[in-house]
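Colleague:
There are 4 protein chains.
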Amino acid sequence: MYQSAGNNTSTEFPIPDKMKAWVLGGPDELFLRDKPTPVPARAEVLVRIDAVAICATDLEIIHSGSPASIQGGLPFNKNFTPGHEYMGTIAALGPNVDEYKIGERVSVEIHAGCGQCKRCRQGMYTSCLNYGKPEKGHRANGFTTDGGFAEYAINHINTLACVPDTMSDAEATLVVTAGTSMYALTELGGLVAGESVVVIGPGPIGLLAVAVAKALGASPVILTGTRPKRLAIGKELGADRTINIAEENPVEIVRQLTGGIGADYVIECAGTMETVDQAIHMTNRGGKLCLAAFPHEPVTTDLAHLVRNNIYVYGIRGEGRSATHRAMELMAEKRFDATKIHTHTFPLADLPTALRYARERVDDAIKVVVTNRHAAAVASAAE
Amino acid sequence: MYQSAGNNTSTEFPIPDKMKAWVLGGPDELFLRDKPTPVPARAEVLVRIDAVAICATDLEIIHSGSPASIQGGLPFNKNFTPGHEYMGTIAALGPNVDEYKIGERVSVEIHAGCGQCKRCRQGMYTSCLNYGKPEKGHRANGFTTDGGFAEYAINHINTLACVPDTMSDAEATLVVTAGTSMYALTELGGLVAGESVVVIGPGPIGLLAVAVAKALGASPVILTGTRPKRLAIGKELGADRTINIAEENPVEIVRQLTGGIGADYVIECAGTMETVDQAIHMTNRGGKLCLAAFPHEPVTTDLAHLVRNNIYVYGIRGEGRSATHRAMELMAEKRFDATKIHTHTFPLADLPTALRYARERVDDAIKVVVTNRHAAAVASAAE
Amino acid sequence: MYQSAGNNTSTEFPIPDKMKAWVLGGPDELFLRDKPTPVPARAEVLVRIDAVAICATDLEIIHSGSPASIQGGLPFNKNFTPGHEYMGTIAALGPNVDEYKIGERVSVEIHAGCGQCKRCRQGMYTSCLNYGKPEKGHRANGFTTDGGFAEYAINHINTLACVPDTMSDAEATLVVTAGTSMYALTELGGLVAGESVVVIGPGPIGLLAVAVAKALGASPVILTGTRPKRLAIGKELGADRTINIAEENPVEIVRQLTGGIGADYVIECAGTMETVDQAIHMTNRGGKLCLAAFPHEPVTTDLAHLVRNNIYVYGIRGEGRSATHRAMELMAEKRFDATKIHTHTFPLADLPTALRYARERVDDAIKVVVTNRHAAAVASAAE
Amino acid sequence: MYQSAGNNTSTEFPIPDKMKAWVLGGPDELFLRDKPTPVPARAEVLVRIDAVAICATDLEIIHSGSPASIQGGLPFNKNFTPGHEYMGTIAALGPNVDEYKIGERVSVEIHAGCGQCKRCRQGMYTSCLNYGKPEKGHRANGFTTDGGFAEYAINHINTLACVPDTMSDAEATLVVTAGTSMYALTELGGLVAGESVVVIGPGPIGLLAVAVAKALGASPVILTGTRPKRLAIGKELGADRTINIAEENPVEIVRQLTGGIGADYVIECAGTMETVDQAIHMTNRGGKLCLAAFPHEPVTTDLAHLVRNNIYVYGIRGEGRSATHRAMELMAEKRFDATKIHTHTFPLADLPTALRYARERVDDAIKVVVTNRHAAAVASAAE
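Protein chains in written order, with the numbering used here: chain A, 56 to 438; chain B, 56 to 438; chain C, 56 to 438; chain D, 56 to 438.
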């Protein structure tokens, strides 16, 4: 029988000893396997997974392995469960945990810092210097510790935010994406009412960056991209102006829209050499530029422009500084409708199909969500 | 007769109507000419120039023209006086100026913001959005407004710092360079005691960055470069370790010296593709990197490394946020000996020789200073 | 004839040489007088006053004199025009002003810093160390320089924000009040989504602090006071909970509403010993408290509680750090309805009546606005 | 036999099962007792105590009980070991600890935050919302968890700083005091070179605040107090000017020394109504005031002065934001001589005598240190 330390379990939530979980096989292979249901330690809870959104980095991990396996030089890590944009219901509590109750719905952020390194002590837990060392207390669920494509997962209480009753499971999976967008704005200074913000790249983070910036009063909010359908969603989420960079010169238009000086804040979510260059040249003197996408190759840029213009640049690898909580609040108050980027839903048992939709953008997929409300059904479907 | 508004002049400092000033001719040409002695307006003073240090950007301006002439598309600006690292004695006061007195020795910083734009209102006067528009009140002496290779210059009172009696004229010309180094550390957060700092490039800004970082308690302070003599001066100014990048791998050594994680703060003062790449890879997760040199060509870099590691980057084009005052204080208290980078002195009348020493690094020149203590002598020598 | 420097006037806006202006007489006396229409200098404009809101500090100045006259030890300043919460139309431009155009509607903030002192150089223009010295460039319209109870006033361009067509004159007079509330939140850190905020005192600044905090996503927003009608308006402006401190213990209730720890941010807008004490004890450990009201007498408080709990406190004397622009943007986007605090309107010619309504809170007056759309009518009415 | 988890012990440091420790009896009673030697958990180490400095708050706890016992309403906590300013040698490591090695000399800071609450997640671990809850991971050694008047103590690794060989045991006990002074300056902004700093009260924190401020380049550094001997030590530690408030008006003199405007930063370390009032009135407009002493009674102050002058105030209850590391670095580099405040030394077995010297300031005692180098001797002496 499942035995949590201190028996912090509830009869309402009987927990099986074993659970179904998708695990990595070889490159682009996933298998649905039985695993022991994990047991929460101090400051941790067990979350019953109810829904998971698929992120582009999930596709990379399934293709190339987790950061830990890559660093380790191993070809692949065969028992690892990916998936990091999930939400669920608290099923068991670690010792001394009273911050949450069994039965509460929660959404998650990815990173729990070690709490011991210099960065964690500064509050920069997503820059934890013990990244990838679970023995030091660090967790990056779905990256270096098991994630959400499973029936249950362990979360440090620092990674949780309560989901209000008025928010659906699917919407709640988007909170961590909105939290990443919010973190970009947090590092940009946060006080963006009346400031000009350009978002480059209408992927999920970019689209929600538009929504969050507008919710905080940024003006104008400008979105650049190449796909008209995506740009149209950006407009619905609050963009004052969209620029199709296949047709218009975004640097020139941003300058026109900002009295000739360029934008106060630019969030680069596309990661190409062309867009990074545009980002640099559309930021105004003393302005700030957040790189939120990973360029896959070295980028040749006009760094002298940064120097001449006192431009601040910083990279973010995900959420941070409790931005997920701020994003959750704006979503809870319906300040924007994140579900506009949720396009498809599959049961967890159909994860491979869901991944294909996400990877190939089948049917213009943006966010594909897998759900797990009826664990029994999932288990039987997979057998 | 020289007529200052409100007659804020003193009989102790009789001011001639005309003064000698070096002005730009064609590329790499300078002429010593007569100009009307300028008159200080509200919040301005007239400074009698006593000494000027030569900076690499002076050489560029003398070769290519001032930023204003370049932007204007003109081949050259024939009456412009360059020179921005100067100090002198207050000779006349603009209307209502009582912050300074005639006869006080002052060193200068370059930029006076317009005081009206968004950046100036934020205190970011070196990021002034009216850069190059003197009609809006912006001044960048030696860049967009007349500079210090002359008998007199106008300075906004915001650009002055008093020179203590214990500091020589030549040392006082170095305050603006130290102020730039201090500004780099200011933007890095300033609280560097016990933090690891790498300075890349042992030019004047780099060497004084070593000195300032050490004065503030940074540890270790590491300096990289290629010239052993310069690295040796860095050691004298406080570097705990120097790395000759022609012989050692700086990224590896910095990692070894920092417990495997890389440096907290990196100040890049070399501006080559190689050193920028090293800078990025030797900054630790969540660390900060200041670009203080202008790369002359586009730089190809691993921007994904910035994103993966939450690294902050910002460019600085000179001093800012009153860092010159903080640098002056440390120099006034003899916390480091900036004169170690002062290698040669010439009279202002020999400016061409001084420039040649600086340009060609004759006799291992670092900072070459021209002095103007006896204006009469200068004038006669030039005739 | 009215002669602006550089003739930056327009035939559309013929400006008379003389204007009507209310000036201070003895205590609580105001006279409508002719004054020369002022002429804008560099970086200044002439604003035709269209509407002015009355603030409690106007009443104090009319009763006791302006800060300048009080400091000067004079019984009163007989030619001074008070009034600082105004909006109007740009009627003439100072030399080189191209940031605004004649005919544009603008609202104002009070303080233009000198641009020269240490605080102004830091961007803290409302903490200008040359407060009250117009010869240094400082202006605090309606406090130390002539204000808005007149046909025209001079404003530094730093004190202007454009009014959108969709905003009424009366609403635009409230922007500076909302800007003060926004500044309180700015100093508190600004990123208040999901943070608990208590506002003490449902006066104009307090009520708009509720509105701004809610617009930025704060939750819960709690308002305390004694007048049920005011508290009800607070609810309409976004308060999640109101506390009538005559009936309930606000410290206890705030603790209950915040999981026992107290509020993250408290804005004290009442200024009594009782409410300051409540403010201190309802702020949580590491929380922040903004004092936005002037206690009229020394306050006895438990300062040890601040020390034991690492609480940050700061006083604000008005708007600052361009918060008025951020407030304007939120109002322009109709994120809250500031007009809920606007209760009464009178013509400028009836200023004494308007002041009486404000002073005696006749008919539950909150914000009383005087308008001046038809200057001719005002002039004739006053004769 | 002593059994650490994972046997992270060394034969070089044989650890007894039982240790001698002073424990609280009734008010002002201390007994030397045997206690089980504590065992370090995850992220903790066992420190063999080598020296402990006595702080005024130790005297309070010995007189009135620990915060936990006071909150608990208990008359006293009979088995509690006070003492928080200690240093020692690492004797055993908790599971997975590799940040430190057995045999390393370390000094400590007091607070280890829970790592879970909102404040800890912001890096504000001394404002931990789980203060006093060891089950959540919070420790305040000597306050809520056992402290250093014993042979051994447990420390979270976040509370350690390595002691260089060139620093004596006694000097190393002062690092936490210097760290508190450094934290005051950290919250004040840290970049104090050339800024005016007043320290009120020449106790240990005040005297080291003078030293730290001067080491960072503050100028002038002014110290106020009443005891000439203490003020003289302040001069030795770097004060540019001392003011005996029994003889001179400190507010007036500070204004004179700061060009009439008051000081940029004030650190109040006396905690009386008179000195708090002086502190408020000697801080300049937009300046910052740190309250670092606990007033024992409510304080009546002119809060309106704070509001009118945009003054920032914050209380600190000890060290924070890793300031102890920065202080250690300055001390390791001999930037100031903290031992000037160390006046007396006793063996740990004579703790009662040491406490009497500290309490009654016998022989002008400032810091009294007890040492424990030869544990055997201590034990036998106490029998």
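Every residue, glycine too, gets a C-beta built ideally from N, C-alpha and C.
Let me know the secondary structure DSSP gives Met328 of chain C once reduced to three states.
Modeller: helix
Colleague: Applying the 10 Å Cβ sphere with the 16-neighbour rule, what's the burial state of His118 of chain A?
Modeller: exposed
Colleague: By a C-beta neighbour count over all protein chains shown, 10 Å radius and 16 as the cutoff for buried, is Phe391 of chain C buried or exposed?
Modeller: Residue environment analysis places Phe391 of chain C among the buried positions, since at least 16 neighbouring C-beta atoms fall within 10 angstroms of its C-beta.
Colleague: Check whether the Cβ atoms of Thr92 of chain D and Pro71 of chain D lie closer than 8 Å to each other.
Modeller: yes
Colleague: Around the Cβ of Ser435 of chain C, are there at least 16 other Cβ atoms within 10 angstroms (buried) or fewer (exposed)?
Modeller: With a pLDDT of 40 at Ser435 of chain C, under the threshold of 50, the predicted position of this residue should be treated as unreliable, though the coordinate-derived value follows. Ser435 of chain C should be labelled exposed.
Colleague: Which residues, taken in chain order from the segment 361–395 of chain C, show a beta carbon closer than 9 Å to some beta carbon of chain A?
Modeller: Going along the segment 361–395 of chain C in chain order, one finds Arg376, Ser377, Ala378, His380, Arg381, Ala382, Met383, Glu384, Leu385, Ala387, Glu388 and Arg390 with a Cβ nearer than 9 Å to chain A.
Colleague: Give a yes or no on whether 8 Å exceeds the smallest Cβ distance from Glu190 of chain A to chain D.
Modeller: Any Cβ of chain D closer than 8 Å to the Cβ of Glu190 of chain A would place that residue at the interface, and such an atom is present.
Colleague: Exposed or buried, which one is Ala147 of chain B when buried takes at least 16 other CB atoms within 10 Å?
Modeller: buried
Colleague: Nearest CA to the CA of Tyr238 of chain A: which residue from A:Ile212, A:Gly249 and A:Ala268?
Modeller: Minimum Cα distance to Tyr238 of chain A is reached at A:Ala268.
Colleague: Would you call the CB atoms of His380 of chain C and Gly249 of chain A closer than 8 Å?
Modeller: yes
Colleague: Buried or exposed for His397 of chain C, going by 16 or more other Cβ atoms inside 10 Å?
Modeller: buried
Colleague: Closer than 9 Å, Cβ to any Cβ of chain A: which residues of the segment 243–258 of chain C, in chain order?
Modeller: Gly244, Gly245, Leu246, Val247, Ala248, Gly249 and Glu250
Colleague: Given a threshold of 16 other Cβ atoms within 10 Å of its Cβ, counted over all protein chains shown, does Glu242 of chain C qualify as buried or as exposed?
Modeller: buried
Colleague: Of all the CB atoms in chain A, is at least one closer than 8 Å to the CB of Val78 of chain C?
Modeller: Judged by the 8 Å Cβ criterion, Val78 of chain C is not in contact with chain A.
Colleague: Below 8 Å CB to CB, which residues in the same chain sit around Met365 of chain B once its five sequence neighbours on both sides are set aside?
Modeller: In the sequence as presented, Met is not what sits at residue 365 of chain B; that position holds Asn. When the five nearest sequence neighbours on each side are left out, the beta carbons in the same chain lying within less than 8 Å of the beta carbon of Asn365 of chain B are those of Arg340 and Gly341, in order along the chain.
Colleague: Taking 8 Å as the threshold (C-beta atoms), are His211 of chain A and Ala76 of chain A in contact?
Modeller: no
Colleague: Kindly list, in the order they appear in chain A, the residues whose Cβ is closer than 8 Å to that of Asn196 of chain D.
Modeller: Ordered by position in chain A, no residue passes the 8 Å Cβ test against Asn196 of chain D, which lies about 17 Å from the chain.
Colleague: Given that a residue counts as buried once 16 or more other Cβ atoms are within 10 Å of its Cβ, and exposed if not, what is Gln58 of chain C?
Modeller: exposed
Colleague: Give the residues of chain B in contact with Leu271 of chain D, contact being defined as C-beta atoms less than 7 Å apart.
Modeller: Leu271
Colleague: Rounded to whole angstroms, what is the Cα-Cα separation between Val424 of chain C and Glu384 of chain C?
Modeller: 21 Å
Colleague: Do Arg416 of chain D and Leu114 of chain D count as a contact pair if the criterion is CB distance below 8 Å?
Modeller: no
Colleague: Using 8 Å as the limit for Cβ to Cβ distance, is Tyr207 of chain A near chain B?
Modeller: Chain B, which has no Cβ nearer than 8 Å to the Cβ of Tyr207 of chain A, makes this no.
Colleague: Any Cβ of chain C within less than 8 Å of the Cβ of Asn63 of chain B?
Modeller: no
Colleague: Tell me whether the beta-carbon of Phe198 of chain D lies closer than 8 Å to the beta-carbon of Ala359 of chain C.
Modeller: No, Cβ-Cβ distance for Phe198 of chain D and Ala359 of chain C is not below 8 Å.
Colleague: Using a Cβ cut-off of 8 Å (strictly closer), state whether Thr214 of chain D contacts chain B.
Modeller: no
Colleague: Please identify the residue among C:Ser223, C:Tyr369 and C:Ala294 whose C-alpha is closest to the C-alpha of Ser162 of chain C.
Modeller: The option with the nearest alpha carbon to Ser162 of chain C is C:Ser223.
Colleague: Tell me whether Asp105 of chain D is buried or exposed, calling it buried when 16 or more other Cβ atoms sit within 10 Å of its Cβ.
Modeller: Asp105 of chain D counts as buried, since at least 16 other C-beta atoms from the protein chains shown sit within 10 angstroms of its C-beta.
Colleague: Under a CB-based cut-off of 8 Å, is Tyr57 of chain B close to chain D?
Modeller: no
Colleague: Indicate the three-state DSSP secondary structure (helix, strand or coil) for Val425 of chain A in the structure shown.
Modeller: strand
Colleague: From C:Asp419, C:Arg376, C:Thr426 and C:Thr394, pick the residue whose C-alpha is nearest to that of Gln177 of chain C; which is it?
Modeller: C:Arg376
Colleague: Can you tell me whether Cys175 of chain D sits near the ligand ATP, meaning its C-beta is under 7 Å from at least one heavy atom of the ligand?
Modeller: Ligands displayed in this structure: none; no statement on the ligand ATP is therefore possible.
Colleague: Check each residue of the segment 300–329 of chain C: if its Cβ is closer than 7 Å to any Cβ of chain D, include it; give the result in chain order.
Modeller: So the close ones are Ile316.
Colleague: From Ala233 of chain A to Gly203 of chain A, what does the alpha carbon distance come to, in whole angstroms?
Modeller: If I take the Cα positions, the gap works out to 18 Å.
Colleague: Starting from the beta carbon of Pro275 of chain A, find every residue of chain B whose beta carbon is closer than 8 Å, and list them in chain order.
Modeller: None at all; the shortest Cβ gap to chain B is about 15 Å.
Colleague: From which residue to which residue does the alpha helix (DSSP H) around His118 of chain D run?
Modeller: Its alpha helix (DSSP H) spans residues Ala111 to Ser119.
Colleague: Do we get a CB-CB distance below 8 Å when we pair Thr221 of chain B with the residues of chain D?
Modeller: no
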